[in-house]
Every structure is written in structure tokens, then in C-alpha cells.
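Residue numbers (the working numbering): 35 to 344. Using N, Cα and C, we set each Cβ at its ideal position, and we do this for glycine too. Note that the structure is a prediction, hence the values are computed from the model and not measured. Reading through the C-alpha cells given below for one structure.
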């Protein structure tokens, strides 16, 4: 696309202004394009980096049966190191699962109230509060789990340690709820008003309108919100590290201490020798986490766009 020609040589000032506007528009287009493409470049760069650091273990040392099937994680053992992440996966899954059991009803209920019942300043204040919850750093949530939830769980359930699946699940559920609430509320607001009006014209009550008309119409967006919450929980590090007790253990109840995959990387990476098997296996876990979270977010995006129907 070339610069516009001057149709009237006598109007030099107007032409210069239009010409300047054209160049500004092109510059903004380039900046927006670079901003969009940079996200893809950064993600690809991160994936290439962690793959480069973990590729040696993947090719030369990795035993898939031991890696995914063994509950023993002892990579620093000089005589017989073991690289099983089964207990770590169980810890991550248990904490994330409990967090979703807490976050889904809380976030969907909040989204329904904001979208369907709240009005005026009440709605605006609730949306602001939800955004403020999402802005709380994860280390602060971890500190809450360590200093408040830990003694509270010990007192309520009479157990020796309060850094458990229950503690981390509650904290992680509260962390994931704000983003789930925001996306779910957007999905509910996107339902056309004619759905509500048609249901009300047939004599449906307010709750019947919501459950029979609004929620089915918004199901793709709601499923996307839930999957993004799962992705947030699966990839959380600091809060999980501080609230779980960090014990390599396959949990038998919500009162057991566990260790998550992300917390293992955060706790051990700084103590390993660069290039060692222990160092490389941590990056291999990073590759595994990257692929899982990528699939979760991709699925959520497809559902939100309505490409995948259920």
C-alpha cells in the first residue's frame, strides 16, 4: 500500500495532514502486529530453551516406565538415583482437583450473581473486588496458607501438620476463582437478551430462565473458564510450595502432605549442577508441564470460540 497522492495541489496543508495520518496509521498497525507476534516468539523461545536444557536426559537417560510409573523421586542419590514423578503428578492432581471443587461453585455462583442479579454500583464494585483478588501475588496466598490456614487446620481437625492437600486446595481454589469468575461472567453477558425474554414470556421464573436458557447458551464459555482455572491451578508454584508440606507422597486423604511438579522445580533447580542428570530431569518436568498447560489452554480457547461442541 503506497502513500496517498495529492488530489488537489492547492490544498497542501490538508494533504500534509492526511499524509501524516496515513503514516501514523501504518506505524500503529506495525506496532500492534509486533506486539501480537512477540507473544508467539516468546512462547516458542521459552519452549526451545527448556527443550535444549532437558534434551540430553530425554534422549540418553529417560526411562518412561520409571519416569511416569515410579513414586520414588531421589535424583540426588549418588549410588542409585531414581526419577519417578508419579507421586509428584498425584500431588499436583490432588491439589488441583480439590481446588476446582472449591473454585467452580464459588466462581460460577459469583458470575451468575454479577451478570444476572447485581445492578448499578453493586455490579461495578463486585467486578472491581474480583479483579483485586486476581491481582494478589501468589507468594501472599502462600503466606496465608502457611501462617493462617496451617494452624487453623491443625486446630479444627486435630492433625499434627496443617500443610496438606486441604490447605493447598483451599488456597489454590481462591486463587483460580477470580479469573474463572471474570470469564464466566463475560460468557453469561454474551447470551442475547432474547433468550431471557423468550423464557420469561413462557412463564419461567428468574431461576428457571438462568438454568434452562442462559446457562445452556453460555456452556462453551463456562467450560472454557473452568479449563483456564485448571490451567492456572496446574501451573501454580509458590503458593503450592508453601502450603502443601512439600513431601514426596501419594496422598490417601486431604490431610496428607504432598509435593507438586512445579514446586519441585522451584525448590531444587537452584541446588543442582548445571548439565547434571538432576538438572536435566527438572527441565524434562518443565517440558511435560509446558505441554500439559498448553493443551489445557488450547482446549479452553477452542471451547470459548465454539469450535469444539459438547
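Close beta carbons around residue i, own chain, < 7 Å, minus the five adjacent residues each side
i           : result
residue 85  : 321
residue 315 : 91, 109, 117
residue 330 : 261, 264, 265, 268
residue 221 : 252, 255, 256, 259
residue 128 : 199, 285, 292
residue 57  : none
residue 301 : 275, 280
Cβ-Cβ distance between residue i and residue j below 8 Å
i           : j           : result
residue 134 : residue 269 : no
residue 345 : residue 141 : In the structure as shown, the chain begins at 35 and stops at 344. Residue 345 is therefore absent and cannot be evaluated.
residue 176 : residue 188 : no
residue 280 : residue 293 : yes
residue 88  : residue 318 : yes
residue 139 : residue 120 : no
residue 107 : residue 282 : yes
residue 136 : residue 207 : yes
residue 160 : residue 152 : yes
Secondary structure of residue i, DSSP reduced to three states
i           : result
residue 264 : helix
residue 315 : helix
residue 308 : coil
residue 292 : strand
residue 116 : strand
residue 355 : Any property of residue 355 remains undetermined from this structure, which presents the chain solely from 35 to 344.
residue 270 : coil
residue 168 : helix
residue 324 : helix
Among the options, nearest to residue i - alpha-carbon criterion
i           : options            : result
residue 285 : 51, 55, 130        : 130
residue 145 : 299, 295, 259      : 259
residue 224 : 190, 136, 150      : 150
residue 209 : 148, 119, 179, 324 : 179
residue 191 : 288, 81, 83, 54    : 288
residue 323 : 61, 80, 132, 290   : 80
residue 290 : 194, 241, 148, 103 : 194
residue 173 : 53, 63, 310, 272   : 272
residue 310 : 71, 60, 55, 112    : 112
residue 115 : 158, 95, 82        : 95
residue 241 : 83, 60, 143        : 143
Residues near residue i by beta carbon distance below 6 Å, same chain, minus five either side
i           : result
residue 328 : none
residue 337 : 254, 257, 258
residue 227 : none
residue 344 : Below a pLDDT of 50, predicted positions are generally treated as unreliable, and residue 344, at 48, falls in that range; the measurement from the model is reported next regardless. Excluding sequence neighbours, residue 344 sits near nothing in its chain.
residue 156 : none
residue 334 : 258, 261, 262
residue 76  : none
Other residues of its chain near residue i: CB distance less than 8 Å, five sequence neighbours each side excluded
i           : result
residue 103 : 118, 120
Q. Touch check for the stretch 171-188 and the stretch 200-212: three-plus C-beta pairs under 8 Å?
A. Yes: the two stretches touch, three or more of their Cβ pairs being nearer than 8 Å.
Q: Count the CB pairs spanning the stretch 241-250 and the stretch 60-79 that are closer than 8 Å, and state whether there are at least three.
A: By the C-beta criterion, the stretch 241-250 is judged not to be in contact with the stretch 60-79, since fewer than 3 inter-stretch pairs fall below 8 Å.
Q) Looking at C-beta atoms only, is the number of pairs between the stretch 165-178 and the stretch 205-220 that lie closer than 8 Å three or more? A) Output reads yes: the stretch 205-220 touches the stretch 165-178.
Q.
Count Cβ pairs between the stretch 224-244 and the stretch 92-108 that sit closer than 8 Å; are there 3 or more?
A. Flag = no, the stretch 224-244 and the stretch 92-108 do not touch.
Q.
Check whether the stretch 272-279 and the stretch 294-306 touch, using three or more Cβ-Cβ pairs below 8 Å as the test.
A. Judged by Cβ distances under 8 Å, the stretch 272-279 makes contact with the stretch 294-306, as three or more pairs qualify.
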